[in-house]
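Enquirer:
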Ligand SMILES: [Fe+2]
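Residue numbers (this note's numbering): 25 to 210.
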């Protein structure tokens, strides 16, 4: 398997303010995400493939890949930031309405125990469903792929929102990049 590369942010560090500060984005991208990329590459180079090195690789590789999706899933804040076109159609079909989907996804994000993610998955049949990941595990679930993810590790919000994860999740909807979600949708 080839080494993986750090992908630069597709916007400036301060572009997501005031929802997510420049300080968080600098730490999140340049320290946390880069550490996962480096960790995955270091694990790939380890000659022995034992349980520890495989777990180490899985944790870091999935961490790197989840962050790639997360950073690309965001853009500068917009008022009334809602999906349109095929994304809205797919959401309506699977969740009855955008409001229902938003409620379910937010609930998933707020209730992740400890460090993890809320994820909107699309399976091979094209169906959408909401799930949670603990830490970074399970990047692919029976062929399903993540099309919208929200990082609820404390490193993603604590400097801006302290322990108010609910507030972070509420504000985050303003910066969802629905065009990027549309590109990931089959
Ligand atoms: Fe993160």
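Every residue gets a Cβ at the ideal spot worked out from N, C-alpha and C, and that includes glycine.
All figures in this text were calculated on a predicted structure; none of them were measured in a lab.
Please give me, in chain order, every unbroken run of the alpha helix (DSSP H) with length at least 4 that falls completely inside the segment 110-180.
Expert: 122-135
Enquirer: Does the segment 61-80 come within contact of the segment 184-191, defined as at least 3 CB pairs closer than 8 Å?
Expert: no
Enquirer: With a threshold of 8 Å, are at least 3 pairs of Cβ atoms found where one atom belongs to the segment 119-138 and the other to the segment 163-178?
Expert: Yes, they touch.
Enquirer: Cα separation between residue 60 and residue 90?
Expert: 10 Å
Enquirer: Which term fits residue 146, buried or exposed, when burial requires 16 or more other beta carbons within 10 angstroms of its beta carbon?
Expert: buried
Enquirer: Can you determine whether any heavy atom of ligand 1 sits closer than 6 Å to the C-beta of residue 141, and answer yes or no?
Expert: no
Enquirer: Which partner residues of residue 98 appear in the DSSP bridge assignment?
Expert: According to DSSP, residue 98 bridges with 200.
Enquirer: In this structure, does DSSP put residue 48 in helix, strand or coil?
Expert: helix
Enquirer: Using 6 Å as the cut-off, classify the Cβ of residue 175 as near or not near the heavy atoms of ligand 1, replying yes or no.
Expert: yes
Enquirer: Please name the residue, chosen from 136, 81, 56, that lies closest to residue 95 on a Cα-to-Cα basis.
Expert: The shortest Cα separation from residue 95 among 136, 81, 56 belongs to 56.
Enquirer: Rounded to the nearest angstrom, what separates residue 43 and residue 177 at their Cα positions?
Expert: 16 Å
Enquirer: Are residue 111 and residue 202 close, meaning C-beta to C-beta below 7 Å?
Expert: A contact, by the Cβ cut-off of 7 Å.
Enquirer: Is it true that the CB of residue 28 sits closer than 7 Å to the CB of residue 67?
Expert: no
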